[in-house]
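Residue numbers (full-length UniProt numbering), protein chains in the order written: chain P, 1 to 332; chain H, 1 to 332. Okay, so here's the structure we're looking at.
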DNA sequence: ACGATTTATGTAACCCGTTACACACATTCT
DNA sequence: AGAATGTGTGTAACGGGTTACATAAATCGT
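Encoded structure:
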């Protein structure tokens, strides 16, 4: 591989001058600049990022920690981050944490050792204290980590309310909720939003809430049991789209018409919701946009811009599709 | 950050000895080893990967180039690669190429500059000649690049044949094909497999093959037109699962029963196929396993193991689900 | 006309882990 | 006993780009 010293020799200048040309730093005479440029082209010289990183203690690399890229919510998120960062000259290291604190630690260690410039993290388990050990710019995506860390997410409680109200608006009288995992804050918030709407209704009972663990199959099973115990249920708000899919499958195997006998709404707005029959209504998150803004803020933090915004709560939007396109007209 | 020199001072030895302890290289007295280990623990020393990379010209990092992580085929693939590599001490840089040769070039340039140790590539556009410029171990996944580059993929033609035969086996008389993009080799191979089975059948005509471009919506539209022009069609082999989903939606909007009036089979075996109603039959690829083996081979190549296998053709398996669970019993 | 700036370029130290080489002492072999 | 080999540790060069500092010529101000 050709080095800066080869270029310097080829152009009959010092390495410092070549470095100045490459980085547009300091003073360089126009003629010298051209001479060096020509030498660089002739030798097809590409500066060695590793050497630069060593001196500058930065790597133009960031880490993205997500629970599992296989979960259909994350590819878009990762894509948004990666798209923005590559434009800004950063590359992205992908880390699948499986929400496992040990793996998160391992990845953070590796990142630190590689002089990673910052991280975008989706996690429930990482806490502020752990991050302090690593001392690098961090932004949180989808789930907040700590109030001092810029967070890019929607208002999940509000979304939960909107989903539940929507079911009411189309005439549902008994609305159940398939709940995400206890440890995941956004799942709890969506649940709280549901409670905000229903907890004072006379018909509401605790057994209308069942755990689905953000898992399709578990949700399908839970829904079967729920509907067998409570055939009066005519609307289900699932804590995310994957679980909503499970609900849909359960309804189908019980020969329950959706939406006529049972309306279903999910949460997240992943592409999957458009692919089912009936198509799923959902509370849609601006996933791509959130991730781009998170990436922008991370870059701003890395580059020391003090005006970096401290996070952003995005609006979620109700997307009504067939699964809540009820024939029962606004009874409420 | 603490350096190896800090550790050396703390343990009253030379940096060389500390390095020997860290890397289990050369001779180190047992007592010295303990002394150094204690110093490392006290100072919480973590060696700086960048400095090591600079000297060793290797980074314990590999690049993964995929067209688009948002395409549901790739997350599993990426996950398999990442899972294996992290175990082996490598981190993964994710690159979304959008099949764009310029982006691919850009990513390869960045990889080279960062001393990336190797790459796992899914691409139609990258050719051997381009790769030679970069001179790094490469393995191809899902699509072959060149015969000298280890490739991990299934026999797509064979899969295409199996899919088409399966439709025949369940009694389909007129089988159409929704075809993937022309430039993508595996799409052409699946098409060829289809032709192998049908081209000599008296009923076959060219208009039974329509382009779907690996895109759900395009396939849905194409299917609508196809079925309106040829209502006699009773089986469709879609070149991938995403297109099969489009076919399914088209059938639904035309009020055609699946599988009674129209049987559908996809290709790839992504999770999505289990989530629809009816569930989709498909030719399943061992995606995760393929990617793990690709990663294993890449590591072997990087580490100079000459016994690295030169690629592997994996078996694909027919998964019969509701979409081809025809009432017409084996008529053939 | 002379000091203060600006422009231009080079030398060498620096970032930090690795390893070639040198040196010293302890064993083992003949 | 003397050579050969094994064990243990340190010094310093190395990888390649960056930059503090030094030097010097050109330009400016008054």
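Virtual Cβ for every residue (Gly too), placed ideally from N, Cα, C.
Are any of the Cβ atoms in chain P nearer than 8 Å to that of residue 218 of chain H? No, residue 218 of chain H lies away from the interface with chain P (no Cβ there is under 8 Å from its Cβ).
Any heavy atom of the ligand SAM closer than 7 Å to the beta-carbon of residue 188 of chain H? Inclusion of the ligand SAM in the displayed structure is not the case, the ligand content being empty and no account of it being possible.
Residue 297 of chain P (DSSP reduced to helix, strand or coil): helix
Is the CB of residue 286 of chain P under 8 Å away from at least one CB in chain H? no
Where does residue 13 of chain P sit, in a helix, a strand or coil, going by DSSP? coil
Of the residues H/140, H/191, H/184, H/150, the one placed nearest residue 165 of chain H, counting alpha carbons only: H/191
Apart from the five residues on each side of it in sequence, which residues of its chain come closer than 6 Å, Cβ to Cβ, to residue 299 of chain P? 88
Contact check, residue 304 of chain P vs residue 282 of chain P under 8 Å by CB: the rounded distance? Contact flag wrong, Cβ pair sits at about 39 Å.
Under 8 Å, Cβ to Cβ, is there at least one residue of chain P near residue 48 of chain H? yes
For residue 115 of chain H, go through chain P and note every residue whose CB falls closer than 7 Å to its CB, in chain order. 50
Does the separation of the CB atoms of residue 175 of chain H and residue 167 of chain H fall below 8 Å? yes
Can you give me the Cβ contacts of residue 276 of chain H inside the same chain, cut-off strictly under 7 Å, excluding the 5 residues immediately before and after it? 245, 248
Quick one: which residues of the stretch 187 to 203 of chain H get their C-beta closer than 7 Å to a C-beta of chain P? List them in chain order. none
Name the residue from H/82, H/80, H/71 whose alpha carbon lies nearest to the alpha carbon of residue 391 of chain P. The question about residue 391 of chain P has no answer, for chain P in this structure spans 1 to 332.
Taking Cβ-Cβ distances below 9 Å as the criterion, which residues of the stretch 223 to 250 of chain P are in contact with chain H? When CB distances to chain H are screened at a threshold of 9 Å, the residues of the stretch 223 to 250 of chain P falling below it are 242, 245, 246, 248, 249, in chain order.
Give the straight-line distance between the Cα atoms of residue 330 of chain P and residue 169 of chain P, rounded to the nearest whole angstrom. No answer about residue 330 of chain P holds up, because its pLDDT of 44 lies below 50 and its placement is not dependable.
Counting only C-beta atoms, is residue 96 of chain H closer than 8 Å to chain P at any point? yes
Give a yes or no on whether 8 Å exceeds the smallest Cβ distance from residue 132 of chain H to chain P. no
Residue 40 of chain P: first and last residue of the uninterrupted alpha helix (DSSP H) it sits in: 30 to 43
Can you give me, in chain order, the residues of the stretch 33 to 48 of chain H that have a beta carbon less than 8 Å from any beta carbon in chain P? 46, 47, 48
Within 10 angstroms of the Cβ of residue 293 of chain P, are there 16 or more other Cβ atoms? Answer buried if so, exposed if not. Buried is the call here.
Taking the alpha-carbon positions, what's the residue 218 of chain H to residue 117 of chain P distance? Spanning the two alpha carbons is a distance of roughly 41 Å.
Min CB distance residue 87 of chain H to chain P below 8 Å: No, no contact with chain P.
Spatial neighbours of residue 136 of chain P within its chain, please: C-beta separation below 8 Å, excluding the five flanking residues on both sides. 111, 112, 116, 117, 118, 119
Below 8 Å, how does it come out for the stretch 124 to 133 of chain P and the stretch 141 to 151 of chain P: are there three or more Cβ pairs, yes or no? yes
Three-state secondary structure (DSSP) at residue 330 of chain H? For residue 330 of chain H, the pLDDT reaches just 44, beneath the cut-off of 50, and the residue's location in the model is therefore unreliable, although a value from the coordinates is still provided. Three-state result, residue 330 of chain H: coil.
Between the beta-carbon of residue 62 of chain H and the beta-carbon of residue 92 of chain H, is there less than 8 Å? Residue 92 of chain H is positioned such that its CB atom lies closer than 8 Å to that of residue 62 of chain H.
Buried or exposed for residue 290 of chain P, going by 16 or more other Cβ atoms inside 10 Å? buried
Report yes or no: do three or more beta-carbon pairs, one from the stretch 20 to 32 of chain H and one from the stretch 24 to 37 of chain P, lie closer than 8 Å? no
What does a CB cutoff of less than 8 Å around residue 67 of chain P pick up in its chain, not counting 5 residues either side in sequence? 74, 96, 97, 98, 99, 122, 123
Range covered by the beta strand (DSSP E) that runs through residue 122 of chain H: Premise fails: residue 122 of chain H is in no beta strand (DSSP E) and is neither H nor E.
When the Cα atoms are used, what is the spatial distance from residue 260 of chain H to residue 326 of chain H? 6 Å
Beta strand (DSSP E) containing residue 96 of chain H: first to last residue? Segment 91 to 96, the beta strand (DSSP E) holding residue 96 of chain H.
Within this structure, are the beta carbons of residue 51 of chain P and residue 54 of chain H separated by less than 8 Å? Yes, the Cβ-Cβ distance between residue 51 of chain P and residue 54 of chain H is below 8 Å.
List the residues of chain P that residue 91 of chain H touches, going by C-beta distances under 9 Å, in chain order. 63, 93, 94, 95, 107, 110, 111, 114
Starting from the beta carbon of residue 3 of chain H, find every residue of chain P whose beta carbon is closer than 8 Å, and list them in chain order. Simply none; closest approach about 12 Å.
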